[in-house]
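In case it helps, our numbering puts the sequence shown at residues 268 to 528. C-beta atoms are modelled at their ideal positions from N, C-alpha and C, and glycine is treated no differently. Since this is a predicted model, take the numbers as computed values, not measurements. Structure, as structure tokens:
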Amino acid sequence: MVELSLPKNSVVKEGTQRKITTPHNEATYRVEVYRWQPEAGENPRLDVFEMPRTGCGTMVLDVLLKIKNEIDGSLAFRRSCREGVCGSCAMNVNGKNTLACISPLSQYTSNTLRIYPLPHMNVLKDLVVDMTHFYAQYASIKPWLESDAAGNQVREQLQSEADRAVLDGLYDCVLCACCSTSCPSYWWNSERYLGPAVLLQAYRFIMDSRDSTKKARLETLDDAFKVYRCHTIMNCVDTCPKGLNPARAIADIKKLLLTQK
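So, in structure tokens, the structure goes:
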């Protein structure tokens, strides 16, 4: 008989419950937050915080800040801009990857918020995940402009309005990794498949009229795993908090690889 066992620390246990005293009949939020400190050697736990809806702010990030500032200062999560432009506060809220700072509480019909770190990423602490591999993949596509004339230029490279418009929906990516960590293909092949976020950025530089290395960029991507592990599951499109379409960019890269050989 085959015996299967779960990996160490894979079972999430019940954590502590804390409740802020509220006036009678006042509506409350039940906030369930994933907590884990790997070096402690204990299983992850799910802490529960009950708090009044009034005074919590309007976004999921406001709730987390209230918990950290007023209830449990040990809660760890990333945040910076509060405007959806830095990508720091990416996490999973009620089963969907999103940016906490631009996720309005009003969109959740239930009074329960379940907040987890981005899936299939190594957790450093609580809601903070290790982005090292993700950024290494981003660096591998050379996310900068390379021009044959760069050394001889005496002025900036100009770009027509039409050429600039080609980059709409590409440069807007904030590298939050919501799309990549929602992609089953990336879960299974993240060592070699670059994932939707990095491929969206790769396409952005391939299509930039100021770049002179389009052929070399395509040659770098031309193997069985970097691009072709995309199976158009479309989770990336569904979850992108900026409303971008990485799947379309990946499809266009595949077309270029076929037509420009």
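With respect to 7 angstroms, is the separation between the Cβ of residue i and the closest non-hydrogen atom of the ligand HEM below this value?
| i | result |
| --- | --- |
| I369 | Among the ligands in the structure shown, none appear at all, so the ligand HEM cannot be discussed. |
May I have the straight-line CA-CA distance separating residue i from residue j, to the nearest angstrom?
| i | j | result |
| --- | --- | --- |
| P384 | M501 | 21 angstroms |
| E317 | S427 | 54 angstroms |
| F401 | H498 | 20 angstroms |
| I287 | T506 | 32 angstroms |
| R477 | A406 | 19 angstroms |
| R285 | C450 | 34 angstroms |
| D415 | Q424 | 12 angstroms |
| D430 | D475 | 7 angstroms |
| C302 | K392 | Note that residue 302 is Arg in the sequence shown here, rather than Cys. Using only the alpha carbons, I get a separation of about 7 angstroms. |
| L523 | V494 | 12 angstroms |
| Y375 | K275 | 33 angstroms |
| A518 | Y438 | 17 angstroms |
| L394 | R346 | 11 angstroms |
| M326 | K482 | 44 angstroms |
| D329 | A367 | 8 angstroms |
| C445 | A357 | 6 angstroms |
| M398 | D490 | 24 angstroms |
| K409 | L467 | 13 angstroms |
| E486 | I520 | 11 angstroms |
| A458 | L488 | In the sequence as presented, Ala is not what sits at residue 458; that position holds Glu. Spanning the two alpha carbons is a distance of roughly 14 angstroms. |
| E337 | G436 | 39 angstroms |
| L380 | T321 | 15 angstroms |
Do residue i and residue j have their C-beta atoms within less than 8 angstroms of each other?
| i | j | result |
| --- | --- | --- |
| T480 | E413 | yes |
| G354 | Q404 | no |
| T295 | N361 | no |
| A464 | S447 | yes |
| P508 | C443 | yes |
| R312 | G340 | no |
| R471 | L434 | yes |
Would you list the one or two residues that DSSP bridges to residue i?
| i | result |
| --- | --- |
| Q468 | Answer by DSSP bridge pairing: none, since Q468 is not bridged. |
| E299 | V315 and R381 |
| M358 | T365 |
| M326 | P371 |
| V396 | V390 |
Does DSSP put residue i in a helix, in a strand, or in coil?
| i | result |
| --- | --- |
| V441 | coil |
| P451 | helix |
| T283 | strand |
| T506 | helix |
| I473 | helix |
| T480 | coil |
| K521 | helix |
| L391 | strand |
| D430 | helix |
Leaving aside the five residues before and after residue i along the sequence, list all residues of the same chain whose C-beta is less than 6 angstroms from its C-beta, in chain order.
| i | result |
| --- | --- |
| V504 | N512 and A514 |
| W411 | none |
| R484 | I473 |
| V278 | N310 |
| R349 | C368 |
CB-CB under 8 angstroms to residue i, same chain, minus the five flanking residues each way: which ones, in chain order?
| i | result |
| --- | --- |
| I334 | V298, V300, F316, M318 and L342 |
Taking only beta-carbon atoms, is residue i less than 8 angstroms away from chain C?
| i | result |
| --- | --- |
| D475 | Absent from the structure: chain C. Only one protein chain is present. |
Tell me which residues share the same chain as residue i and place their Cβ nearer than 7 angstroms to its Cβ, disregarding the 5 neighbours each side in the sequence.
| i | result |
| --- | --- |
| W454 | H387 |
| V352 | V441 |
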